[in-house]
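Worksheet for the structure shown next.
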Amino acid sequence: MKKVVIGWLYSGKSIGKDEKFLLELAREKDIEIILFNISKLLNEKKLEEKAKKCWVIYNSTAEDFAMEFVKTLENIGMKVIDSSVAYYYSEDKWVFYLHCRENDILVPKTILLSENIDLAKRELTKFKQWPVILKRVVGTMGEYVDKAKNLDDVDRIIKKFWKKGSERFPIIAQEYIKSPSYRVTVIGDKIYQSIIKENKGWKSTGNYAKNFKKFDIDKKLNKIIKKTMRISKIHVCGIDLLKKDNKWFVLEVNAEPDLGFIEEERKMLIDKTLNLLIKEAKNHKHTKI
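In our numbering, the protein residues as written are 11 to 299.
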């Protein structure tokens, strides 16, 4: 029987902790891993040659540039987990908000702002949510997220987003909920980790939290998570939630989640991810035959 071959997209000068555990687990499971470092340029021909050996390919990096690799791989007929389509419907924060509203999932009050700053200020005056959270509709690790206390802050923050990014992505305004960030890591259809991300400042999503402790998931929250997974269609994700008046609010779903919040559980999460990929690889190979 042929070895299962799985591709793994990552970024960095060298392989990280995740990749080291991945290669160790692959040897134990007798499968082959082909690593793709998106930080190093590969011409399309070499990329295709490597990719065609894989049964499926997993994108583990949240770098914006990774999505271009994913689309390229899909264009040559490769199955990528997670797909660019699934990524769009979960990672676009405005689209995700709309999907949650359509499916009766509680989310913070949110509006899409005009690209004209003066009009955006008028919209925020009507929104009447101060302080307010401003976010680009796309962005990772809390990079394009800030809190505005007034209209002067709004002007400064929007201009900062525009100056910092290579593109002027749309910006949403979101109700500020004072709460720790509750992160639930889901692989396949199972919950494997639930932690509270705390920070001294107001921002506890992305890489800003410093302290992590576990929390238990009750039946009500479990139902919300399952519902969120159904609409996101992401295989491996981190769901961020907030709590207000004893009610759970879904903030966002993150594809390519960080698996190292609790170092002692990193290898376990890589193992669960690899098991899922093996299953998906075999199913995909079988359907192609």
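We put the CB at the ideal spot given by N, CA and C, even for glycine. Small disclaimer: the values here were computed from a predicted structure and weren't measured.
Looking only at DSSP bridge pairs, what is residue i linked to?
i, result
"residue 263", "249"
"residue 1", "The requested residue 1 does not occur in the structure, where the chain is confined to residues 11 to 299."
"residue 66", "16"
"residue 47", "20"
"residue 122", "182"
"residue 42", "15"
"residue 56", "Bridge partners of residue 56: none, in fact."
"residue 254", "257"
Would you identify the three-state DSSP class for residue i, choosing helix, strand or coil?
i, result
"residue 156", "strand"
"residue 107", "helix"
"residue 241", "helix"
"residue 91", "strand"
"residue 188", "coil"
"residue 226", "coil"
"residue 72", "coil"
"residue 31", "helix"
"residue 287", "helix"
"residue 113", "coil"
Short of 6 Å in beta carbon distance, which residues of its chain neighbour residue i, apart from the five on each side in sequence? Order them along the chain.
i, result
"residue 74", "none"
"residue 218", "Caution applies to residue 218, whose pLDDT of 47 falls short of 50 and renders its modelled position unreliable; the value that the coordinates give is listed next. So the qualifying residues of the chain are 152, 209."
"residue 21", "48, 49, 71, 73"
"residue 159", "141"
"residue 98", "none"
"residue 184", "118, 120, 143"
"residue 246", "197, 283"
Let's see if you can read the secondary structure: which residues bound the beta strand (DSSP E) around residue i?
i, result
"residue 3", "Since the first residue shown for the chain is 11 and the last is 299, residue 3 is missing from the structure and cannot be characterised."
"residue 142", "142 to 146"
Just confirm the distance between the C-beta atoms of residue i and residue j, as a whole number of angstroms; I'd bet it's less than 8 Å.
i, j, result
"residue 167", "residue 144", "5 Å"
"residue 65", "residue 291", "4 Å"
"residue 179", "residue 147", "6 Å"
"residue 268", "residue 248", "7 Å"
"residue 289", "residue 96", "At roughly 17 Å, the Cβ-Cβ gap does not stay under 8 Å, so residue 289 and residue 96 are not in contact."
"residue 303", "residue 27", "Because the chain spans 11 through 299 in this model, residue 303 falls outside it and cannot be assessed."
"residue 192", "residue 253", "7 Å"
"residue 225", "residue 204", "6 Å"
Quick one: what's got a C-beta closer than 7 Å to residue i's C-beta in the same chain, skipping five residues either side?
i, result
"residue 86", "58, 61"
"residue 239", "196, 199"
"residue 63", "15, 44"
"residue 237", "113, 115"
"residue 90", "67, 69, 80, 83, 84"
"residue 257", "116"
"residue 103", "145, 147, 182, 262"
"residue 157", "141, 143, 186, 212"
Along the chain, where does the alpha helix (DSSP H) containing residue i start, and where does it finish?
i, result
"residue 18", "Element bounds for residue 18: not the alpha helix (DSSP H) but the beta strand (DSSP E), 15 to 20."
"residue 172", "161 to 174"
"residue 134", "127 to 137"
What residues in its chain sit with their C-beta under 8 Å from that of residue i, if we drop five residues either side in the sequence?
i, result
"residue 32", "18, 43, 280, 284"
"residue 299", "Below a pLDDT of 50, predicted positions are generally treated as unreliable, and residue 299, at 42, falls in that range; no measurement from the model is reported."
Would the beta-carbon of residue i be found less than 7 Å away from any heavy atom of the ligand PLP?
i, result
"residue 224", "In the structure shown, the ligand PLP is absent, as is every other ligand, since no ligand is present at all."
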